Structure formats: C-alpha cells, structure tokens
Amino acid sequence: LERAAPPRLARALAMAAARELEEETGLTLAPPGHSAPALEVLDYVCRAVTPRQSPIRFNARFLSAPAEAARGTLAGCGELETLAWMTLEEVAGAAVAPITACVLQQFSAIMALPPEARAERPLVCYQGFDQALPERLPAVPEAARS
C-alpha cells in the first residue's frame, strides 16, 4: 500500500478499508484475541476516479486481503445490494457496475502474476468509468517516508 501513498496516508487508507469492511460486511481483519485489524494483510489493487461531469462521483482506492484473513459472519448492514463469497469465475458472469468489473479484472490480472512480481507491477488508476492509466504518485520528501 505504501507504493501508492505516503506512509501516513497509506495507514489511514488501510484503517478506513478495514473499518468499511467491518461496517458493510460484518467481517474483521483483527486476528483472534486482538481488536486492531492486521493492516499488513491488505494489498493495493487500483484507484478509480469518476469524470467531473458525472452526477455520481467517487475517488476510490481498492484494496484486497486474503479471504483467510477475514473473520466473522458475512452479514451486511443494508448498504450493499448483494453480499456473498464468490470466486472470480462466478463474479465474471454477474451483473456488476462497470467500475466494479474493471477493478475485478485488475485484481484477476494481479492474481495471475507470480507473487514476487506483484509488488513491482505498474499501479493503475481508472479515469472515467473504464480508462486505465498509470497512477501518478505524490512526491514524498525522504524525511516523510518513515
């Protein structure tokens, strides 16, 4: 995640992702016996930004974690329409929002890479609803990297 953001922002994004996961699905990334989520299990997938003229706007970062890192019972809060564990093959045929399809395609491409190549892959930002561009990363002063 720190490839995509300075350390403080990366931690804030990871905490927000863990909180959203728990609020929207009932699942936690906290290991047994701990209340704090294990942020190190999160990996950066991509970013997506809607066009300025779109009536529905978002500037979102998408993260992933291994299924075995999640604990709890899958139970939504009502914010999501459908909540289910699905394989990439199963979701490929599902009716999902266009940006969701793009993010899932990106995730699938990442999972197809050898594990050692995943950390070196180019980072992607979807502009509009489906245009994949290289993600521009903020310049971070050396002193701020720790």
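Here full-length UniProt numbering is used: the first residue of the sequence shown is 1, the next is one more, and so on. Just so you know, even glycine gets a beta-carbon here, dropped at the ideal spot from N, CA and C. Values in this document were obtained by computation on a predicted structure and should not be read as measured data.
Buried or exposed by the 16-neighbour rule on C-beta atoms within 10 Å, applied to Ile-99:
The residue is buried, with at least 16 neighbouring Cβ atoms inside 10 Å.
Which word fits Phe-58, buried or exposed, when buried means at least 16 other C-beta atoms lie within 10 angstroms of its C-beta?
Taking every protein chain shown into account, the CB of Phe-58 has fewer than 16 other CB atoms within 10 angstroms, so this residue is exposed.
Cα-Cα separation, Pro-51 to Gln-131
Whole-angstrom Cα-Cα distance: 11 Å.
What's the call for Ala-14, buried or exposed, on a 16-neighbour Cβ count within 10 Å?
It counts as buried.
Uninterrupted beta strand (DSSP E) stretches inside the UniProt domain "Nudix hydrolase" (14 to 98) (no shorter than 3 residues)
Listed in chain order, they are 43 to 49, 59 to 64.
Exposed or buried, which one is Leu-21 when buried takes at least 16 other CB atoms within 10 Å?
Around the C-beta of Leu-21, 16 or more other C-beta atoms lie within 10 Å, and the residue is accordingly described as buried.
Please list the terminal residues of the continuous alpha helix (DSSP H) segment that includes Pro-115.
Membership of Pro-115 in the alpha helix (DSSP H) is indicated by the continuous run 115 to 118.
What's the C-alpha gap between Phe-107 and Ala-17?
Distance between the alpha carbons of Phe-107 and Ala-17: 16 Å.
With 16 other Cβ atoms within 10 Å as the buried cut-off, status of Arg-136
In the assembly as shown, Arg-136 is an exposed residue. Its beta-carbon has fewer than 16 other beta-carbons within 10 Å.
Could you give the first and the last residue of the continuous beta strand (DSSP E) run that contains Pro-134?
Where Pro-134 is concerned, the enclosing beta strand (DSSP E) stretches over 131 to 134.
In DSSP terms, what Cys-125 is bridged to:
The bridge partners DSSP lists for Cys-125 are Arg-47, Leu-133.
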